[in-house]
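Everything on this sheet refers to the single structure shown next.
There are 2 protein chains.
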Amino acid sequence: MSHDSCHCILLRKAARKVSSYYDEALAPLGVNIGQFSLLRHINRMAPVSLTALGAAVELDRSTVGRNTKVLEKMELVESAPGDDHREMVLSLTPAGRALLAEGSPLWDSVQDDIEARLGADNTRQLQDLLAAL
Amino acid sequence: MSHDSCHCILLRKAARKVSSYYDEALAPLGVNIGQFSLLRHINRMAPVSLTALGAAVELDRSTVGRNTKVLEKMELVESAPGDDHREMVLSLTPAGRALLAEGSPLWDSVQDDIEARLGADNTRQLQDLLAAL
DNA sequence: CATGAATGCGTGTATATACCCGCATTGGGC
DNA sequence: GCCCAATGCGGGTATATACACGCATTCATG
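From first to last, the protein sequence lines are chains Z and X. The working numbering applies: residue 10 is where the first sequence begins, and numbers increase by one. The working numbering applies: residue 10 is where the second sequence begins, and numbers increase by one.
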């Protein structure tokens, strides 16, 4: 069987490699794919709490908190106390929205490259397989 | 198209999720899948330098150095200066070999579970697709 | 309305991962 | 045999990620 290559390690390698594609494309904007993905989610969900954002991106709340703090320092995201004073609600700054607009075509192009390399059927198949894990 | 879900983010999610399967199985031994994978490689390649090990697992040398340092503290791996005095060569301690023997069936069982869930054909397909990325 | 449970966060700690810099050692050209 | 380039490493820094703990706030129940 395939009892030599660990599925987990192969997945990690693939994730690192593919991440680097997106990171390179977004590098001119000074953000990486993880940050860009967060910006997209914040844009769509704003004003959004850390907990809700974490649930949406399936990352630990503390992870999201630390990652968004970097985006705040870059002045792409701003946070304010929510109506519920326990919450911090996040939204994009104008600069954040601008970056999203600039980055979208770059993101699209990486996405298209990957789909072109794999083919449409294989792309769908890959997504299905990943979801089935 | 699939222009909503980022291939990269999906891959990362899948990698985290699958990693957790292996991690849970190996938890009784006190190591995670990344460490277990390193132990396997060191066992196969010993005595091996950090640079060679990094090339084998496709990780940065400094990453491998830091990860193996943890394994050294656990006394699963030992390091010694190589013939070339710039190199540090790694090998498993008896405890490391014992852990590898104990862990192998646990690793196999996660591997089997995944393959059973996907099916043999899909497993192969997934590996091919990951390699094509 | 008062109090204990639940919720939301920040921080500490640990691993994973990369890149860069500086130091030590080695090796090749002369 | 000497010197400079190449190689190997450690440590600094930065992000990614999770879990556990403690604090503040809210809410539900009596």
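Glycine residues also receive a C-beta, built at the ideal position from the N, C-alpha and C atoms.
Given residue i as reference, the closest of the options once Cα atoms are compared
i               : options                           : result
P37 of chain X  : X:P114, X:I123, X:L138 and X:Q136 : X:P114
N76 of chain Z  : Z:S28, Z:K22 and Z:Q44            : Z:Q44
R70 of chain X  : X:E111, X:L59 and X:L80           : X:L59
D92 of chain X  : X:P56, X:G39, X:G112 and X:A107   : X:P56
S118 of chain X : X:Y31, X:R25 and X:D13            : X:Y31
E188 of chain X : X:D13, X:D122, X:G39 and X:S14    : Because chain X in this structure spans residues 10 to 142, residue 188 of chain X falls outside the shown range and cannot be described.
S14 of chain Z  : X:V66, X:T72, X:E33 and X:L108    : X:V66
V27 of chain Z  : Z:E81, Z:E124 and Z:E87           : Z:E124
M83 of chain Z  : Z:A104, Z:V73 and Z:L142          : Z:A104
N131 of chain X : Z:A141, Z:L35 and Z:A129          : Z:A141
R106 of chain X : X:S46, X:A34 and X:E33            : X:S46
L35 of chain X  : X:W116, X:D122 and X:A129         : X:W116
Proximity below 8 Å, CB of residue i to CB of residue j
i               : j               : result
L85 of chain Z  : T102 of chain Z : yes
Q120 of chain X : H50 of chain Z  : no
L139 of chain X : Q136 of chain Z : no
L48 of chain Z  : M54 of chain Z  : no
V98 of chain X  : A89 of chain X  : yes
A24 of chain Z  : R21 of chain X  : yes
L108 of chain X : N52 of chain X  : no
S100 of chain X : E87 of chain X  : yes
Distance cut-off 7 Å: residue i Cβ against heavy atoms of the ligand ADP
i              : result
L19 of chain Z : You won't find the ligand ADP in this model; it holds no ligand whatsoever.
Please specify which runs of the alpha helix (DSSP H), each continuous and at least 4 residues long, are wholly inside the stretch 39-95 of chain X, giving them in chain order. 42-54, 59-66 and 70-82
Near-chain Z residues of the stretch 15-47 of chain X - C-beta to any C-beta below 7 Å: C15, H16, C17, I18, L19, L20, R21, K22, A23, A24, K26, V27, S28, Y31, I42 and S46
In the stretch 101-113 of chain Z, which residues sit with their C-beta less than 7 Å from some C-beta in chain X, listed in chain order? none
Proximal residues, the stretch 57-72 of chain X versus chain Z, C-beta separation under 7 Å: Sequence-ordered contacts of the stretch 57-72 of chain X with chain Z read E67 [C-beta pairs closer than 7 Å].
Please name the residues in the stretch 119-136 of chain X whose beta-carbon is closer than 9 Å to at least one beta-carbon of chain Z, in chain order. V119, Q120, D121, I123, E124, R126, L127, A129, N131, T132, R133, Q134, L135 and Q136
Listed from N- to C-terminal order along the chain, which residues in the stretch 78-92 of chain Z have their beta-carbon within a distance smaller than 7 Å of any beta-carbon of chain X? Within the stretch 78-92 of chain Z, no residue places its CB atom closer than 7 Å to a CB of chain X.
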